[in-house]
Amino acid sequence: MITLKEALRKSREELDRLRLEIEEKARESNLNAYIDFSKSGDGVPILIKDNIQVKDWTITSGSKILQGYIAPYNATVIENLKANGLSPFGRANMDEFAMGSTTESSYYGVTKNPYGEDRVAGGSSGGSASAVAGGIAICALGSDTGGSIRQPASYCGCVGMKPTYGRVSRYGLASYASSLDQIGPITQNVEDSAILYDIISSYDPKDSTSSNLELIPTAKNLNPDRKLKIAVIDNYIREASSDVQNTYKIAIEALKSEGHTIIHKEMTNTKYDIASYYIIATAEATTNLARYDGIRYGSRVEGDNLQETYLNSRNQFGDEVKRRILLGNFVLSSGFYDAYYLKAQKVRHIIRDEFNKIFKEADLILSPVAPTVAPKIGSFKDPLEMYKSDMFTISINLAGLPAISLPISRDSEGMPIGLQLIGNLFSEQTLFDGAMSLERAVNYI
Amino acid sequence: MFETVIGLEVHVQLNTKTKLFCSCPTSFAEHQNINTCPTCLALPGALPVVNREAVIKAMRFGYAVNATVNHISNFDRKSYFYPDSPSAYQITQLYRAVVQNGELFIDLDNGTKKRIGITQAHLEADAGKNIHDGDISKVDLNRAGTPLMEIVSEPDMRSASEAVAYLKKLHSTVRYLDISDANMQEGSFRCDVNVSIRPKGQKEFGTRVEIKNINSFKFVASAINYEVQRQIEAYEDGIYKDEVIQETRLWDTDRGVTKSMRGKEEAADYRYFPDPDLRPLVVTDEMIEEAKKMPELPDAKVKRYIEELKIKRVDALIICSDKELAQFFEEMLSRGASAKTSVNWLTTELLGRLNKSGYSIIDSPVSGKKLGELVSKIDSGAINGKGAKDILDVLMEEDRDIDELIESMGLAQISDDRAILEIIDNILSKNQDKVEEYRGGKVKLIGFFVGQVMKASRGSANPQKVNQLLRERLK
Ligand SMILES: [Zn+2]
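Below you can see the structure in the form of C-alpha cells.
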C-alpha cells in the first residue's frame, strides 16, 4: 500500500482509482477490520474508528445499542481531515465503546491480526491497526484511552501515536473516559504519523479540554539526526515476556548506534497504574455511557413501563461494558468515593510527578507497549488478565503524555513486537524525531 | 413552645441569550425540540463549553450579596436517570461553587433588619420537560441546558413571614440585577423549603423536611405554616420520630396540605464527581470587572429615598421592593414632580386604578413621565387633587395631552387672589347674618364659607388659597 505522503501527491483520478482498489481488496479480506465502506468526500481515503462522528454515517462505537444511529455532525478531526484534502473512508472495527484490548467485545465480531488470523489485532482500535498493517488502508484514525492505539499497532506491526492530552479535539469522539481519551493516527511509518498528526491536531473552542498552546508543524521539521537522552525504566522491562525483553535490548542498541544517550530509571510498580486507571476510567465511563438509554436515539427495546424500557435497552450492552459500568458506579457510590476515586486521583498526581522528574533529565522514555505479542483469539479467560496487559500503556494516559508505538522486531512465530517512545507534554516534535531515528536504525520489515 | 427553623433553596433561571453549555438560544420556541443541538441532546461525542454570560451573572449576584466569588470553581456530574435529562447526569457545582458565603438583609415588621446567610450560589443546567399525553409521554428538550443558579440559604429564618420576606428580597435583588425574569408562575424562580421545629432553647436542629412544588409567595407561607403545625402536632402526640422523617414532601395547592413522596427519591445516590469534560472554571480580571458593573440595589435605594428625598421608610420599602415601580417613580421625579406628592399618586391613585383594571406597573397605560407631569401640575397649584383624579381617569383610557384636558374639562384652578376675593366678597355680602355669627365667635362657620366659595367657583378655586383669604376677610 502506498504511504500517506505518496497519496497526498496523487491526482484526483488516481485517488478515485485508489479508493476502488482499497474497497475491493478490503471486501475480499478476512480480517474483519472494516465494519462498512461509508464514504464522505473524495480526497485521500482515511479509515475512521467507529467512535468518531462522521456526518450522515452510522456511527455505533462497536455497540448493539447504537444500531441505526446516524451522526448528524462531523467531529472536529473529520473537519480537519477534509480541510486538508483527506476523506473519511470506511468505519473501523473496535471494542464496544473502546472497552477492551482485543476487539473481541465488538458487536461486529473480532478483528484478526494480519500476521496470524488466529491472533487478535489488539484493541480497542483493532480494526484501524489491522487494516493499516494488512495493506487495506493507507492510514487510519484510532482513539487511545489506555493504550488503544499503541497496543494494536504493536500487535499488528504498524505505527500508532497518542498525542498529548488536549492536542487533538475530542469533539465528536464518543467519550469513554473523558480525561484520558485522545484521538491519534495509525500509519505505516513514523513520517506518515507526523503528517496525519499535524492535520488532526488543532485548538478547538468546542472542546473545553483542548489546548490553545501554539502548534508548530512536525512533519516538515522532522530530524532523525537529533541526539537525544533516552530513559529506560529498568523495573518495567522485568515484567515483560522474554521476547519483549530481547526486543528491548535490540532497541537500546539501535538507539545507541544512532548516537543517543541511554539513562536508567525506575518507576513505581505498574499495579498502581492499573488500579487507579480502572477506577478513573470506569467512573468517567459510567456517566459517559448513561446517555445510551434508547429514549432519544439508538436501539430501544420496549418494556411495559419506563423502568423496564431502560433495563431492556441498556441490557444490549455487552459484558465488558456492563462490567465497567458496574465498577464505575461502585467506585462513585456514596461512602466509597474517598476510598476509591479520590485515592486514584492522588495516585494519578504521583504518576505525573514521577514522569516530570524523569523528563528533567531525559528527552524521551523507551518502554514496552504490551507484555507479550498478540495473544490467540479467545485466550483471555479472565478480564483481570486482560486489564494487566495494559500495564505499560495506561500511565501515559493518566499523565496526559504523548507516546508513539513502532514495530521493532518479530518473535519466533513471526508476530510483530513494538515498543513505545514517550515524550514530555507537548513535545511531539522530539517524539517523532526520536521515533524516526529508531525506525531507521532497526529497519523493521 | 417551639421554634421553627427554615432554610430555602431557590432555583433562578438566568436570562442569558444562550444555554449554559451550548450555543442554543434560551428564547421561546414555536415547536418542541427546536432549540437543541448535539450537546444539549447528549449525542455521542458532543461536549459542553461554559457560557461566559451565565458565569458573569452568577458572579454579579455574588457581589450583590457580599459573597466570596471564587476565582476557581468546579463543575460536577450528578447522576440520575430521567427521560428529560438527556445525558442522565446534571452538570452542577457541588464541591466548589462560584459563589459562597453571602448574606441578604430582610426588613422585619418592627422596622429592624435581619441577616440571612447565603451558603452558596452555584450554576447548573436545567432539565427538559416531560409532557404526558394519555398513554404516552413525550420529551421536550428546548429547556434542557438552560442555566440555573441555585441559591442555598442558611437555616436562618424562624417564621413563614421571614421566609417570605427573604424570598421577596431575593426576588427583587435578581430582578434589579437583571439576571433573571424571576417569574414564579412560569418557573423561572422556583423555591424548595426546608422546615424543622425544635423546642425553644434546644440547640440541635429537629428533623428537616423538604417541601417542593411551591409556585407563589402566598403558598410558601401556607406550606410552611401547614408543615410546622403538622410537626408540632406530631411532637405533642409523641409520634414525632415516626411522623417527621427526613423526606421530600409536595405542596398540594388544592387541598392546602403537604404530601409525602416517600420512596420516590429516598434511595437516590447521585454519585457526584468532577466533570472531566470541563476544566476548572477560572474567573479572569475582565470578568470580575464586568460582573461588578451593577445598578443601585434595593437597600441602597431605600436609604437614598429616605435620606435625600425625605420619604417615609414604609413608602420607600414599598416602592423599592419592585424594580419597575422604583423606575416608574424615578421617571415621575424626572418630570419635576415632588417626591412627597409622587409617592401618594403612585402607590394609591395609580396602583389602585391599575389593580382595578387588572394591569401591572409594567403595562400601565399611563407612563411614569405622564403621571409625573400631572403631579407637577398639582404641586404648582395649576389643578387641584380632584381635578387631577378626573384627568387620571381619562388618561387610563387614552393617552391625551394634559394641558388640553385641563382646559377642555375646565379644571384650571383659580389661584389668582383677585378672582377668589371677588367670589368671597360676593358670598360674604349674601350671608351677612352668618358673618356676624362668625365674628361673634362661631368660628366653625369657616367650613360653610369655604364650601360656598368652592361651589361658586365650581370647584376650580384653590382650596388652600380660599381658606387663607377667607380668614383674612373675616377678621
Ligand atoms: Zn444545545
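Those protein sequences? They're chains E and R, same order as listed. With the first letter of the first sequence counted as 1, position 178 gets the number 178 in the working numbering; the numbers rise by one all the way through. Adding 445 to a residue's 1-based position in the second sequence gives its number in the working numbering. Don't be surprised by glycine CBs; every beta carbon is placed ideally from N, CA and C.
Beta-carbon contacts of residue i that lie in its chain and below 6 angstroms, excluding the five residues immediately before and after
i	result
residue 477(R)	585
residue 37(E)	23, 90
residue 498(R)	461
residue 597(R)	454, 564, 565
Sheet register partners of residue i (DSSP bridge)
i	result
residue 636(R)	455(R), 659(R)
residue 402(E)	DSSP, once it has assigned bridges, lists no residue as partnering residue 402(E).
residue 291(E)	Answer by DSSP bridge pairing: none, since residue 291(E) is not bridged.
residue 421(E)	366(E), 404(E)
residue 696(R)	703(R)
residue 86(E)	44(E)
residue 161(E)	404(E)
residue 565(R)	545(R), 597(R)
residue 120(E)	112(E)
residue 642(R)	449(R)
residue 534(R)	524(R)
residue 592(R)	570(R)
residue 376(E)	119(E)
residue 224(E)	The partner list for residue 224(E) (beta bridge, DSSP) is empty, contrary to what the question assumes.
residue 789(R)	Its beta-bridge partners do not exist; DSSP assigns none.
Chain E contact for residue i (CB, 8 angstroms cutoff)
i	result
residue 534(R)	yes
residue 953(R)	This structure leaves residue 953(R) out entirely; chain R is present only between 446 and 920.
residue 724(R)	yes
residue 518(R)	no
residue 728(R)	no
residue 494(R)	yes
residue 500(R)	no
residue 933(R)	Residue numbering for chain R in the displayed model covers 446 to 920; residue 933(R) lies beyond these limits and cannot be assessed.
residue 447(R)	no
residue 600(R)	no
residue 470(R)	no
residue 632(R)	no
residue 522(R)	yes
Nonlocal neighbours in the same chain, by C-beta distance under 8 angstroms from residue i, ignoring five residues either side
i	result
residue 725(R)	517, 518, 519
residue 643(R)	447, 448, 450, 649, 650, 651
residue 246(E)	409
residue 697(R)	703, 704
residue 835(R)	854, 856
Supposed close pair residue i, residue j - CB separation, criterion 8 angstroms
i	j	result
residue 432(E)	residue 222(E)	6 angstroms
residue 820(R)	residue 787(R)	5 angstroms
residue 51(E)	residue 98(E)	6 angstroms
residue 469(E)	residue 215(E)	The question about residue 469(E) has no answer here: the residues shown for chain E are numbered 1 through 445.
residue 489(R)	residue 722(R)	Their Cβ separation, rounded to whole angstroms, is 13 angstroms, which puts residue 489(R) and residue 722(R) out of contact at 8 angstroms.
residue 627(R)	residue 514(R)	The pair is not a contact, with the Cβ atoms about 21 angstroms apart (cut-off 8 angstroms).
residue 55(E)	residue 80(E)	With 8 angstroms as the limit, residue 55(E) and residue 80(E) do not qualify as a contact, their Cβ atoms being about 14 angstroms apart.
Minimum Cβ-Cβ distance from residue i to chain R less than 8 angstroms
i	result
residue 12(E)	no
residue 304(E)	no
residue 171(E)	yes
residue 352(E)	no
residue 283(E)	yes
residue 312(E)	no
residue 206(E)	yes
residue 287(E)	yes
residue 237(E)	no
residue 296(E)	yes
residue 95(E)	no
residue 470(E)	With chain E running from 1 to 445 in the structure shown, residue 470(E) is simply not present.
residue 98(E)	no
residue 293(E)	yes
residue 75(E)	yes
residue 35(E)	no
Sequence-distant residues of its chain with Cβ nearer than 7 angstroms to residue i (five each side left out)
i	result
residue 524(R)	533, 534, 715, 716
residue 742(R)	509, 618, 621
> Taking any heavy atom of ligand 1 as the mark, which residues have a C-beta closer than 6 angstroms to it, listed down the chain?
Replying inline: 464(R), 467(R), 469(R), 481(R), 482(R), 484(R), 485(R), 590(R)
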